[in-house]
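Beneath this line is the structure, given in structure tokens, with notes to follow.
Residue numbers (the working numbering), protein chains in the order written: chain A, 8 to 286; chain H, 229 to 776.
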């Protein structure tokens with residue numbers, strides 16, 4: 008049962024074997040509090056925003072990441088993922104690990120999990136999929152369009168828990184990390200044809216592309232230390248409108264108006280050794 | 229000989245039909261006197277009249293159309309076109325008529341178009357067919373023919389598309405009070421609703437068809453689009469003058485054109501966003517293994533559109549997935565496209581792939597990918613898929629992982645379309661949970677379903693001594709909209725375990741009606757159990773405020 012963890016006891020060997028689980032070279036940004044990466048803009052007169060949050064879980068025995076998207080004014084949670092250590096109920100019980108992945112609010116299978124070098128690893132992902140947004144009406148010059156919109160996305164998550172158990176338990180620590188690879192692309196389309204005039208809105212927008220990872224050294228008697236790594240491109244793309252008129256003599260449509268309704272190079276966030284500079 | 233055969237056939241059928249034939253004018257608010265109709269009253273009065281109708285004949289019209297479009301008073305386009313329309317008629321056995329229309333345009337002599345129409349015995353348009361394999365330019369040319377057909381196929385009131393509305397009033401002056409009032413009324417409607425189209429035509433001369441008298445037909449149409457101050461206004465004037473009516477030797481039964489049914493719509497151009505040629509997809513599919521990020525998603529959307537354009541390609545994509553089962557990235561792309569397309573055929577192909585992949589260990593992960601796609605797709609699952617998931621969910625002994633994954637997909641299907649059978653099944657399965665992990669899985673499935681009918685299962689688990697189970701049960705309430713669910717979420721917020729509190733706040737963020745939780749959120753913000761919980765409550769409260 009992957010999502011709720013593997014109930015076999017974590018071996019004391021994990022203390023020795025779990026060296027590479029969270030102290031990776033990539034995680035060089037560290038903090039004691041959560042991190043939020045957010046970008047906002049406007050599209051077709053409505054709010055456009057994406058927010059990524061990386062933090063420890065409420066119990067502070069794991070880490071979690073969430074991605075919320077606001078598109079054409081409506082908010083939806085694209086991704087929620089967490090991994091958490093659940094202490095045992097007795098001193099002989101080393102505890103277990105839990106990992107969850109929710110996509111669009113739906114719990115998705117994350118697999119059984121496996122042991123690797125003293126860490127327990129869960130991996131989950133989904134094939135590309137799509138979320139439709141409610142239809143909005145948008146006036147493009149003289150033409151009132153009904154706009155179809157939505158977000159297509161693809162998500163993968165890798166979660167890891169590494170216990171460094173010691174006795175007494177107060178000297179133990181937990182390493183937990185969750186890495187989310189996510190790509191989400193928003194689309195808008197609207198079209199109308201009136202004999203000699205037609206109009207439309209179209210385009211795609213990279214809502215989010217890249218990965219974010221949060222890793223935490225969790226201690227039983229002090230605040231956790233969080234490390235972040237990742238590179239994310241947010242809100243990049245162009246949405247355009249057009250109005251065409253029909254030329255009978257040329258027997259073809261001619262573009263009469265071609266406004267750019269949204270155009271942004273986007274914002275790149277890089278942390279933990281990553282870089283947004285491209286060569 | 230042919231003429232004799234036709235006459236014999238029509239006479240024979242007419243003899244049978246005459247006794248039963250009655251002209252039954254359709255009910256309509258717009259009752260047009262028969263003399264105003266374009267076509268003569270169709271009741272055959274004699275066999276001779278039928279014989280005349282049975283003969284192949286050609287009516288030739290001259291047509292002219294002038295279109296002026298203005299935007300905010302400025303001229304957008306001012307064009308006119310003219311040409312000759314040929315209508316080749318013959319009678320049909322049901323006392324209707326069929327005709328092949330073709331035209332020649334003076335301004336664009338190379339541009340030809342052809343269309344076949346069929347009228348019933350009341351001279352109403354029954355079907356329209358256009359040749360297969362037309363180019364976009366030809367389709368645009370068809371739009372002219374369609375306009376002409378709509379003038380010819382005069383109806384009592386509205387045609388089947390509802391886009392044309394002919395009135396019996398003859399008005400010379402378009403700025404008359406009635407016209408202005410009508411425009412205003414439509415303008416009001418367009419403000420309240422989505423875009424509309426208004427067409428009004430005025431017939432100045434009564435016409436008749438099938439006689440030797442000259443026919444002169446003139447009309448004027450006005451279209452007002454939208455209701456903004458920049459309203460686009462088009463005015464078009466058309467004339468259709470009958471030039472000849474004579475027998476013809478043409479027999480369109482010899483025509484080798486492949487016709488396909490078409491709807492009589494004003495707009496022949498298709499939505500430029502909607503269609504994607506499968507050839508484009510076929511060429512690029514091998515690249516899906518290398519595409520990443522936004523490019524991959526853009527191609528994914530094109531693939532889904534191509535399936536919608538040509539649903540027969542569902543099988544082709546299924547076969548492609550099967551051939552590339554060794555490449556998880558490529559196979560998952562195809563699986564995602566089929567699931568997003570979501571038609572019954574696509575779902576059946578996915579089920580077929582599932583059983584094919586089960587034969588080797590290597591492709592086991594693809595079975596999980598298919599189940600995951602059933603979980604995330606927004607398409608409603610067909611009964612066959614739901615039965616499959618329900619049966620697989622019960623096969624814990626055979627493969628626990630697949631069973632649990634199928635249960636999650638079952639829950640998701642119930643969220644889109646709840647059924648009593650699935651609710652009962654999920655409740656029964658949840659009752660069989662033997663250990664903690666199974667309980668958590670079933671709570672997840674119930675959460676996916678949002679089914680308030682399963683709330684009793686959730687409530688039982690809210691009393692569990694295990695905080696992880698209480699946390700999962702609390703979050704399972706997120707999509708349940710009932711007083712009982714609200715009460716349980718608020719009660720869970722009082723739970724001593726901070727994870728359960730957090731799950732309660734997260735569940736609130738999924739609820740449609742926040743009003744019942746305002747007190748809970750306010751308390752949470754003012755006196756949070758932890759800084760983290762307080763931040764979470766602030767975030768949810770802010771989202772609620774923005775939504776309002």
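Using N, Cα and C, we set each Cβ at its ideal position, and we do this for glycine too.
Every value quoted in this text rests on a predicted model; they were computed, and no experiment measured them.
C-beta neighbour in chain A for residue i, strict 8 Å
i: residue 588(H); result: no
i: residue 670(H); result: no
i: residue 696(H); result: yes
i: residue 339(H); result: yes
i: residue 413(H); result: Any answer about residue 413(H) is weak, because its pLDDT of 24 lies below 50 and its placement is not dependable; what the coordinates show is given next. No, because no Cβ of chain A sits closer than 8 Å to the Cβ of residue 413(H).
i: residue 729(H); result: yes
i: residue 768(H); result: no
i: residue 629(H); result: yes
i: residue 417(H); result: Unreliable placement is indicated for residue 417(H), whose pLDDT of 24 sits below 50; the coordinate value is still reported in the next sentence. Chain A contact via Cβ: absent.
i: residue 522(H); result: yes
i: residue 636(H); result: yes
Per-residue burial, residue i [other beta carbons within 10 Å of its own, 16 or more giving buried]
i: residue 713(H); result: buried
i: residue 398(H); result: Its pLDDT being 30, under 50, residue 398(H) is placed unreliably in this model, and the coordinates cannot settle the point.
i: residue 283(A); result: exposed
i: residue 185(A); result: buried
i: residue 121(A); result: exposed
i: residue 596(H); result: buried
i: residue 99(A); result: exposed
i: residue 135(A); result: buried
i: residue 261(A); result: exposed
i: residue 524(H); result: buried
Beta carbon proximity, residue i to chain H, threshold 8 Å
i: residue 111(A); result: yes
i: residue 216(A); result: yes
i: residue 82(A); result: yes
i: residue 70(A); result: no
i: residue 258(A); result: yes
i: residue 115(A); result: yes
i: residue 3(A); result: The question about residue 3(A) has no answer here: the residues shown for chain A are numbered 8 through 286.
Through-space distance from residue j to residue i, alpha-carbon basis
i: residue 289(H); j: residue 331(H); result: 9 Å
i: residue 271(A); j: residue 735(H); result: 34 Å
i: residue 436(H); j: residue 540(H); result: Only weak support is given to the placement of residue 436(H): the predicted model assigns it a pLDDT of 29, under 50, and the question is left unresolved by the model.
i: residue 205(A); j: residue 59(A); result: 39 Å
i: residue 743(H); j: residue 737(H); result: 12 Å
i: residue 660(H); j: residue 88(A); result: 28 Å
i: residue 546(H); j: residue 567(H); result: 11 Å
i: residue 721(H); j: residue 182(A); result: 28 Å
i: residue 387(H); j: residue 338(H); result: Only weak support is given to the placement of residue 387(H): the predicted model assigns it a pLDDT of 34, under 50, and the value that follows is read from those uncertain coordinates. Each residue's alpha carbon lies about 32 Å from the other.
i: residue 582(H); j: residue 594(H); result: 8 Å
i: residue 694(H); j: residue 740(H); result: 29 Å
i: residue 140(A); j: residue 513(H); result: 27 Å
i: residue 214(A); j: residue 46(A); result: 10 Å
i: residue 536(H); j: residue 502(H); result: 8 Å
Within-8 Å CB hit, residue i to chain D
i: residue 134(A); result: Among the protein chains in the structure shown, which are A and H, there is no chain D.
Contact check, residue i vs residue j, beta carbons under 8 Å
i: residue 531(H); j: residue 565(H); result: yes
i: residue 2(A); j: residue 64(A); result: Any answer about residue 2(A) is impossible in this case: the structure gives chain A only from 8 up to 286.
i: residue 365(H); j: residue 263(A); result: no
i: residue 553(H); j: residue 528(H); result: no
i: residue 555(H); j: residue 599(H); result: no
i: residue 674(H); j: residue 682(H); result: yes
i: residue 372(H); j: residue 356(H); result: no
i: residue 189(A); j: residue 160(A); result: yes
i: residue 102(A); j: residue 117(A); result: no
i: residue 726(H); j: residue 66(A); result: yes
i: residue 329(H); j: residue 315(H); result: yes
i: residue 265(A); j: residue 253(A); result: no
i: residue 210(A); j: residue 145(A); result: no
i: residue 671(H); j: residue 649(H); result: no
i: residue 765(H); j: residue 733(H); result: yes
i: residue 617(H); j: residue 641(H); result: yes
i: residue 485(H); j: residue 284(H); result: no
i: residue 193(A); j: residue 158(A); result: yes
- Task: Give a yes or no on contact between the segment 222–232 of chain A and the segment 240–251 of chain A, applying the rule of three or more CB pairs nearer than 8 Å.
- Result: no
- Are there three or more Cβ pairs, one per stretch, closer than 8 Å when the segment 602–622 of chain H is compared with the segment 637–656 of chain H? yes
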